[in-house]
Amino acid sequence: MFISFEGIEGCGKTTQLEMLRDHLEWKGKSCVVVREPGGTELGERIRNILLVMEDEAEGIEPWAELFLYSASRAQLVKNVIKPCLEDGKVVLCDRFTDSTLAYQGYGRGLDIDAIKTINSYSTFGITPDVTILIDCPVETGLKRAWHRIKNSEGATEDRFEREAIEFHQRVRRGYLELAQKEPQRIYVVDGTGEISVIHGKICDIIDKVI
Ligand code: T5A
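Numbering (our numbering), first residue to last: 1 to 210.
Below, the structure written as structure tokens:
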């Protein structure tokens, strides 16, 4: 089973993904957690370019950005996700193709159909069985994300957090539109409440699907 987590910055994806992993392992499932961009040696190098690069001198052209995310994904799917699924493991992925549609499509304004075509190549046709979209207001998410960044060690991954609020609003609207179009796969969960309450809702969804 392939489960992806999606949402705007700071919506709580990573927190909830780790809690779901613990829940599924407690139920005896073998789980693998991966993140995008990243998850392979090449992917982590690309992540560094995409999230840390000081882009004041030379901004990253949106199409270049799209291809970098896609390159990281192709490597991750081929080397990790596909083999793990074939092994019968549950793969939990922190962001996947819906991020590209929401950020590069709705956020940056690149052509949605072109992104769908590129996604179909970079995933080798693999799509999540279930996607948990954690939704919260942009102001709430960004406040949490900045708090996490200020308390984290190492390189500051804040290139997207520095985008204008309108960009994040377009991304959020994009996600909700995607969920409306694919209600059988994308489950929208309110991300504004208590962490444990949100976890309970996600477990209910996944337990039913499994
Ligand atoms: N991107 C990615 C693209 O543009 N295109 C693509 O194709 C792909 C794959 C990835 C960036 O790349 C972009 C999108 C992103 O900008 P990232 O570092 O993975 O960058 O960034 P995020 O996924 O946004 O990570 P964040 O950490 O910002 O957000 P999360 O994972 O949603 O939030 P989380 O769980 O780390 O929580 C953040 C903080 O909030 C607290 C947590 O304890 C933590 O401190 N928190 C809560 N506080 C109160 N109430 C709750 N319910 C809370 N839930 C969490």
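Don't be surprised by glycine CBs; every beta carbon is placed ideally from N, CA and C.
Predicted model only: the values in this text are computed from it and were never measured.
Q.
Using DSSP's beta-bridge definition, name the partner residues of SER4.
A. CYS93 and THR131
Q. What residues in its chain sit with their C-beta under 6 Å from that of LEU51, if we drop five residues either side in the sequence?
A. GLU157 and ARG159
Q. How would you label ASN151, buried or exposed, when you count the other beta carbons within 10 angstroms and need 16 or more for buried?
A. exposed
(Q) So for ASP22, helix, strand or coil by DSSP? (A) In the three-state reduction of the DSSP assignment, ASP22 falls in the helix class, which pools H, G and I.
Q. What do you reckon, are the CB atoms on ILE8 and VAL138 nearer than 9 Å?
A. yes
Q.
Looking at PRO128: is its Cβ nearer than 9 Å to the Cβ of CYS93?
A. Cβ distance < 9 Å, so PRO128 and CYS93 count as in contact.
**Q.** Euclidean distance between Cα positions of LEU133 and MET1
**A.** 17 Å
**Q.** Same chain, Cβ closer than 8 Å to LYS78, neighbours up to 5 away in sequence not counted
**A.** PHE124
Q. In chain order, what residues of the same chain have a beta carbon less than 7 Å from the beta carbon of GLN184, not counting five sequence neighbours either side?
A. Sequence-distant Cβ neighbours of GLN184 in its own chain, meaning closer than 7 Å and more than five residues away, do not exist here.
Q | DSSP state of ARG144 mapped onto helix, strand, coil | A | Three-state result, ARG144: helix.
Q.
Going by C-alpha to C-alpha distance, which of THR131, ALA71, ARG148 and GLY59 sits closest to ILE186?
A. THR131
(Q) Closest to ILE206 by C-alpha separation, out of MET19, GLY10 and GLY12, would be which residue? (A) MET19
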